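Enquirer: Please read through the structure below; I'll follow up with questions.
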Amino acid sequence: MKIAIIGASGEVGRMMLTCLSELSINVTELDLFASAKSAGTLLFFNDKPITVQELCETSLLKHYDYVMFSAGAGVARAYAPIAAETGSIVIDNSSGFRKDANIPLVVPEINGDILQGYQGIIANPNCSTIQMVLPLAVLDKLFGLKKVVISTYQSVSGSGNKGIQTLMNQRKGENDKGAYPQVIDLNVIPQIGGFMDDGYTQEEEKMHLETRKILRREDILISATTVRVPVVYGHSISVYAEFERETDLEEAEKALLSSESIEFYANTYVTPRELNGTNNSHVCRLRYGCDKHSLTFWNVGHNIRIGAAANAVRILKQHAAFNR
Ligand SMILES: NC(=O)c1ccc[n+]([C@@H]2O[C@H](COP(=O)([O-])OP(=O)(O)OC[C@H]3O[C@@H](n4cnc5c(N)ncnc54)[C@H](OP(=O)(O)O)[C@@H]3O)[C@@H](O)[C@H]2O)c1
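Here it is as structure tokens:
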């Protein structure tokens, strides 16, 4: 397959190279693009060096089977339609198209069926949403999801390379707030994205809208509080969920244990530092909530892998399986 990655030098772009290799995608041609800043940088795919090119007006006039964007919403809105016009399938990691009713927002294990026969732009969901909807989809099927209340603990790599740099600089003693509204080192910040009129932040709104869209359940009530913490990689989420029907812990455990892309822990828990190379959504500390109509659990995922690159490559794989 002929593939291009836009934003190849970034956190997600570099991981995309790893995931294309790990998920055994048959790549016959690979072009890498970024801004002028990283043009000329040498990146490696399966040990083969590839020089990053500067993205320009004409870069995407060439037809690719798949063009993977991870360069922010502005770049995606400007360039994805150009790529789609040539017949390339676009998979975009930014928030640029996620709210568009005509653009599929896909977690393949849940709603991959909508990729059948689809051509054009596909949106990859927000990082915390992907890891959380995987177990929620399983529990929704069993008990009928009604309401979700969540608090996130999101790592600095969620803000891209500048988030990591900010934390590292502050750990060396610099006081510059960098990528954040407050100092993040030895702190937690209950704000991700700008505030909206209703008091929620943009990140919280993403979790509300995207969860409903992926689960195809516009009636689900959801309230998120998203928090940045001084962790480098890996987002954690405290999830409380209410259901139409009475739940059963054993049934829930069994279903989670046998679900694709979910790793369930019965008697222990996992922390972000232990995630290493995993592309799964990790579910632990599952217990009843306020009563038997509710469950609560701790959910951890590698934001650059399952939260971005791995899900994007799984979309590619599923789309190709349906349509090629
Ligand atoms: N980090 C996460 O956990 C995560 C999760 C899900 C989705 N996403 C989304 O994925 C995208 C990338 O995130 P990231 O974490 O990889 O950010 P990042 O580390 O800051 O990387 C951004 C990439 O975009 C490139 N870029 C910036 N402006 C460009 C332009 N005008 N033309 C071409 N390339 C340009 C950068 O190139 P240079 O090196 O040349 O600057 C770099 O390769 C964002 O939309 C983000 O919201 C991120």
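Residues in the sequence shown are numbered from -3 upward in steps of one, following the numbering used here. Backbone N, C-alpha and C fix where the C-beta goes; we use that ideal spot for every residue, glycine too. Here the structure is a predicted model, which means the values were calculated and not measured.
#1: Which term fits Q178, buried or exposed, when burial requires 16 or more other beta carbons within 10 angstroms of its beta carbon?
#2: With a Cβ-Cβ cutoff of 9 Å, do I87 and L312 count as a contact?
#3: Looking at the secondary structure, which residues open and close the alpha helix (DSSP H) in which N295 lies?
#4: For ligand 1, is there a heavy atom less than 8 Å away from the beta-carbon of A317?
#5: What is the DSSP secondary structure of M192, reduced to helix, strand or coil?
#6: Between which two residues does the alpha helix (DSSP H) containing V71 stretch?
#7: Which residue comes first and which comes last in the alpha helix (DSSP H) that contains H315?
#8: Is the beta carbon of V145 sitting closer than 9 Å to the one on I216?
#9: Are three or more beta carbon pairs between the segment 198 to 210 and the segment 179 to 189 nearer than 8 Å?
#10: Hey, would you say T207 sits closer than 9 Å to L132, going by beta carbons?
#11: Could you please give me the residues that DSSP links to P45 through a beta bridge?
#12: Can E50 and N157 be called in contact, C-beta distance under 9 Å?
#13: Using a Cβ distance threshold of 8 Å, determine whether the segment 268 to 277 contacts the segment 289 to 309, with at least three qualifying pairs required.
Expert: Looking at the coordinates:
#1: Residue environment: Q178 is assigned as exposed (fewer than 16 neighbouring CB atoms within 10 Å of its CB, all protein chains considered).
#2: Between I87 and L312, the CB-CB gap stays under 9 Å.
#3: Unbroken run through N295 is the beta strand (DSSP E), S290 to G297; no alpha helix (DSSP H).
#4: No heavy atom of ligand 1 is found nearer than 8 Å to the CB of A317.
#5: In this structure, DSSP gives M192 a state outside helix and strand, which the three-state scheme calls coil.
#6: Residues A69 to E81.
#7: Counting along the chain, the alpha helix (DSSP H) containing H315 begins and ends at A306 to N319.
#8: Inclusion of V145 and I216 in the CB contact set at 9 Å is not warranted, their separation being larger than that value.
#9: Yes, since at least three Cβ pairs between the segment 198 to 210 and the segment 179 to 189 fall closer than 8 Å, the two stretches touch.
#10: Yes, they are a contact pair.
#11: Its beta-bridge partners are F40.
#12: In this structure, N157 does not lie closer than 9 Å to E50 by Cβ.
#13: Contact holds: three or more Cβ-Cβ distances are below 8 Å.
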